[in-house]
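Heads up, the thing below is written out as structure tokens.
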Amino acid sequence: MKSERLTRRDLLFKCAALGSLTVIPSLSLSEAAWAWQHHDQNARKPTAWDEIGPFYKRDAPQTSQLQRRGDPGLPVRVAGQVFDSRGDVLSGAKIEIWQADPVGRYDLEGYDYRAMLVADGEGKYGFDSVMPGHYPGRVCQHIHYLVSAPGHKPLTTQLYFATDPVFEGDPQRNYTRDPLIQSSDLVRPVTLVGDPKEIHASVNFEIVLERL
Amino acid sequence: MLQCRVVWVVLAGVLAIAAAQTPQPNAETIRLPLPAQAASVALSARANRAAVVCRDGKLRVWDLAEARLLRVIALTSGNIDYTAISSEGRWIFTGDHSGNVVVWDSETGQAQLQLRSPHYPSTAAFSRDGKWLAMAPMGDPVQVFDVHAGRKLYETKAITGGTAAIAFSRDNSLIVTADADTAVRVYDARTGKLLAENRDFLLEPLAVDFTSDGKQVIAAGDAKKDGADTAGTAARWLPGSDAPQVVQRSMSVMAIFRPPLARRAVKFIALIDLPEYWP
Chain A
273 MKSERLTRRD
283 LLFKCAALGS
293 LTVIPSLSLS
303 EAAWAWQHHD
313 QNARKPTAWD
323 EIGPFYKRDA
333 PQTSQLQRRG
343 DPGLPVRVAG
353 QVFDSRGDVL
363 SGAKIEIWQA
373 DPVGRYDLEG
383 YDYRAMLVAD
393 GEGKYGFDSV
403 MPGHYPGRVC
413 QHIHYLVSAP
423 GHKPLTTQLY
433 FATDPVFEGD
443 PQRNYTRDPL
453 IQSSDLVRPV
463 TLVGDPKEIH
473 ASVNFEIVLE
483 RL
Chain B
65 MLQCRVVWVV
75 LAGVLAIAAA
85 QTPQPNAETI
95 RLPLPAQAAS
105 VALSARANRA
115 AVVCRDGKLR
125 VWDLAEARLL
135 RVIALTSGNI
145 DYTAISSEGR
155 WIFTGDHSGN
165 VVVWDSETGQ
175 AQLQLRSPHY
185 PSTAAFSRDG
195 KWLAMAPMGD
205 PVQVFDVHAG
215 RKLYETKAIT
225 GGTAAIAFSR
235 DNSLIVTADA
245 DTAVRVYDAR
255 TGKLLAENRD
265 FLLEPLAVDF
275 TSDGKQVIAA
285 GDAKKDGADT
295 AGTAARWLPG
305 SDAPQVVQRS
315 MSVMAIFRPP
325 LARRAVKFIA
335 LIDLPEYWP
């Protein structure tokens, strides 16, 4: 969704076109100040990059239900919103996700625990899965993301869980135990919800793409 | 345990080279005593040399034919993610997890090329004549360098997810890449112009090479869209379920192991015809 607001870049372009910091007649100083301030208030830090890994498989089915009936493991609901770095929501962003099953195996033959999602009109997305398992060669539980939207730089990243035993309750300090984690921002808090018989985890993971 | 694995790594490499040169089952094997655990191993295609990066922060260069240690180079950084050696064994590429890349001259032990990359290296390969280096930082475009001049020549267009493997053709005129977006791409090695693209794979291809006649690309990965093209006769890989991280090429075949795929790697070896692009 393209913003009609005047951005800092627009403002600077207009100023540059005049060869000075004189604001063009159609733009009041107050509007210019608002544009500058509003931009800063909504700006979002781009989501940290993480490597794509060797298990990406294209053409995943469009579904938000990755958990199959009877699957072992802790159910997890992941939800979030996709923005650009100016803070505008990116409706229609394509979100590909893939993960290991609860015992740490990727489905290479089919598309279990693989999906493609499309962000809705508010940039929101969500899916139901199970907590991915640990496996040799990787330290932490994780879910892979490949997010793309027209006019934006495609993002490969991975979602990690603050409850992962590897972090020993302190992901801020211990996230580097997995050498592939580039930023502690990728380690998200996990909330346990539901009654004791049907408990599941809930995680919020916001995605911010850089403009091209 | 790890030391056993290291020895296995070296022996496996020796076996592969020996088998490629003399296709007899009882190839000669040698043991290379290492004073520290190995982190990364690379084998030259023609010179019977092995470059072994050890956990003690040293790069050791071996002559495999004589099982002789040729040189020990103290690395300037640790945590090496990727090692490659040129075909004639002179140039050795090391790249660490912080993105520090060095090309070492194994004859002098000096650094020939040094640079800092935003991401750690995913793969690297020298041209067959050792003049050029193609390197792909994880998630970034392939960068090609003139090793002798120590300068970057060009970089290819960005590919989402980056590149998993690179190889030069025998006459150094082409580069092939196995890319994370599941495509195999062939470039003009001199200009970086994209010449061909194959999208048969559904999963990321993990290794590539040209056939010895240069008329085909071999791409290896875990799945291929239409299945049937296993081409088993064109490929050979080393046995064992606990394979090391090494891409092993001989003059006509290659074996690929990349953990954590070790136990399930290389389900398909796809032969991709590109005759129209072959000079």
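For the protein sequence lines, the chains are A and B, in the order given. One gets my numbering by counting positions in the first sequence from 1 and adding 272 to each. One gets my numbering by counting positions in the second sequence from 1 and adding 64 to each. Even glycine gets a Cβ: it sits at the ideal position worked out from N, Cα and C. Quantities reported herein were computed from a predicted structural model and do not represent experimental measurements.
(message) Please list, in chain order, the chain B residues whose beta carbon lies closer than 9 Å to that of Y417 of chain A.
(response) Within 9 Å Cβ-Cβ: nothing; Y417 of chain A doesn't reach chain B, min ~11 Å.
(message) Closest to E470 of chain A by C-alpha separation, out of A:F327, A:K396, A:K366, A:V402, would be which residue?
(response) Sorting A:F327, A:K396, A:K366, A:V402 by C-alpha distance to the C-alpha of E470 of chain A places A:V402 at the top.
(request) Per DSSP, which residues does A244 of chain B bridge with? Please list them. (result) Under the DSSP definition of a beta bridge, A244 of chain B lacks any partner.
(message) For T140 of chain B, tell me which candidate among B:F157, B:I149, B:S150, B:P201 has the shortest Cα-Cα distance.
(response) Ranked by how close their Cα comes to the Cα of T140 of chain B, the residues B:F157, B:I149, B:S150, B:P201 have B:F157 in first place.
(message) Let me confirm a value: V281 of chain B is counted as buried when at least 16 other C-beta atoms fall within 10 Å, else exposed. Which label applies?
(response) Looking at its Cβ environment, which holds 16 or more other Cβ atoms inside 10 Å, V281 of chain B is buried.
(message) Contact criterion: CB-CB distance below 9 Å. Does G304 of chain B meet it with respect to chain A?
(response) The predicted position of G304 of chain B is uncertain, since its pLDDT is 32 and thus under 50; no value can be drawn from it.
(message) If contacts are defined as beta-carbon pairs under 8 Å, then R113 of chain B and D127 of chain B qualify, I think. What distance do you get, rounded to the angstrom?
(response) Between the beta-carbon of R113 of chain B and that of D127 of chain B there is about 6 Å, and that keeps the pair under the 8 Å contact cut.
(request) Output yes or no for whether 9 Å exceeds the beta carbon distance between L431 of chain A and Y417 of chain A. (result) Contact flag set, yes.
(request) Could you tell me whether any Cβ in chain A is nearer than 9 Å to the Cβ of L139 of chain B? (result) At a cut-off of 9 Å, the C-beta of L139 of chain B has no neighbouring C-beta in chain A.
(request) Could you spell out the range, first to last residue, of the beta strand (DSSP E) harbouring Q444 of chain A? (result) First-last for Q444 of chain A: 443 to 446, but that is the alpha helix (DSSP H), not the beta strand (DSSP E).
(request) Determine the direct distance from the alpha carbon of L197 of chain B to that of R132 of chain B, and round the result to whole angstroms. (result) Roughly 27 Å separates the two Cα atoms.
(message) Check whether the segment 474 to 482 of chain A and the segment 422 to 439 of chain A touch, using three or more Cβ-Cβ pairs below 8 Å as the test.
(response) Judged by Cβ distances under 8 Å, the segment 474 to 482 of chain A makes contact with the segment 422 to 439 of chain A, as three or more pairs qualify.
(request) Would you mind working out which of B:C118, B:L107, B:S108, B:A106 sits nearest P97 of chain B, comparing C-alpha positions? (result) Considering only alpha carbons, the answer is B:C118.
(request) Could you spell out the range, first to last residue, of the beta strand (DSSP E) harbouring D467 of chain A? (result) For D467 of chain A, there is no enclosing beta strand (DSSP E), as DSSP gives it neither H nor E.
(message) My output table needs one value for F439 of chain A: the three-state DSSP class, helix, strand or coil.
(response) The answer is helix: DSSP assigns F439 of chain A an H, G or I state.
(request) Confirm, please, whether the CB-CB distance from D145 of chain B to S191 of chain B is below 9 Å. (result) It is not a contact, given that the beta carbons lie outside the stated cut-off.
(request) Give me whichever residues DSSP pairs with R386 of chain A in a beta bridge. (result) Its beta-bridge partners are A:W370.
(message) Is there a C-beta anywhere in chain A that falls below 9 Å from the one on T246 of chain B?
(response) Closer than 9 Å to some Cβ of chain A, the Cβ of T246 of chain B qualifies, so yes.
(request) Give, in chain order, every residue of the segment 253 to 270 of chain B whose Cβ lies closer than 9 Å to some Cβ of chain A. (result) Answer in chain order: R263, F265, L266, L267, E268, L270.
(request) Return yes when the Cβ of F265 of chain B is within less than 9 Å of the Cβ of V248 of chain B, no when it is not. (result) Cβ atoms of V248 of chain B and F265 of chain B: closer than 9 Å.
(message) Please tell me whether S420 of chain A has its Cβ less than 9 Å away from any Cβ of chain B.
(response) Interface residue, yes.
(message) To the nearest angstrom, how far is the alpha carbon of S108 of chain B from that of G153 of chain B?
(response) In this structure, the CA atom of S108 of chain B is about 6 Å from the CA atom of G153 of chain B.
(request) Check whether the Cβ atoms of T224 of chain B and A244 of chain B sit closer than 9 Å, and answer yes or no. (result) For T224 of chain B and A244 of chain B, yes; Cβs fall inside 9 Å.
(request) In the DSSP assignment, find the beta strand (DSSP E) that holds Q176 of chain B and state where it starts and stops. (result) Its beta strand (DSSP E) spans residues 175 to 180.
(request) To the nearest angstrom, report how far apart K216 of chain B and Q207 of chain B are at their CA atoms. (result) In this structure, the alpha-carbon of K216 of chain B lies about 7 Å from that of Q207 of chain B.
(request) Check whether the Cβ atoms of L452 of chain A and V411 of chain A sit closer than 9 Å, and answer yes or no. (result) Cβ atoms of L452 of chain A and V411 of chain A: closer than 9 Å.
(request) Mind the definition here: the segment 341 to 357 of chain A touches the segment 387 to 404 of chain A only if three or more C-beta pairs lie below 8 Å; say whether that holds. (result) Three or more Cβ pairs closer than 8 Å define a contact, and the segment 341 to 357 of chain A meets that threshold against the segment 387 to 404 of chain A.
(message) Please list, in chain order, the chain B residues whose beta carbon lies closer than 9 Å to that of Y328 of chain A.
(response) The contacting residues are G225, A244, D245, T246, L267, E268.
(request) Report yes or no: do the segment 317 to 331 of chain A and the segment 231 to 241 of chain B share at least 3 C-beta pairs separated by less than 8 Å? (result) By the Cβ criterion, the segment 317 to 331 of chain A is not in contact with the segment 231 to 241 of chain B, since fewer than three pairs of Cβ atoms, one from each stretch, lie closer than 8 Å.
(request) Select from the segment 190 to 204 of chain B all residues with a C-beta closer than 7 Å to any C-beta belonging to chain A, and list them in chain order. (result) Those would be M202, G203, in chain order.
(request) For my contact list, V475 of chain A and F433 of chain A are in at a C-beta cut-off of 8 Å; report their separation, rounded to the angstrom. (result) So it is a contact: roughly 7 Å between Cβ atoms.
(message) Counting only beta-carbon separations shorter than 9 Å, does N143 of chain B have a partner in chain A?
(response) For N143 of chain B, the answer is yes, since a Cβ of chain A falls inside 9 Å of its Cβ.
(message) Between the alpha carbons of P182 of chain B and T275 of chain B, how many angstroms are there, rounded?
(response) Counting only the Cα atoms, T275 of chain B lies some 33 Å from P182 of chain B.
(message) Please list, in chain order, the residues of the segment 418 to 450 of chain A that have any C-beta partner in chain B closer than 8 Å.
(response) Among the residues of the segment 418 to 450 of chain A, those with a Cβ less than 8 Å away from any Cβ of chain B are L418, S420, P426, T428, in the order of the chain.
(message) Tell me the DSSP secondary structure of L418 of chain A in three-state form.
(response) Correct three-state label for L418 of chain A: strand.
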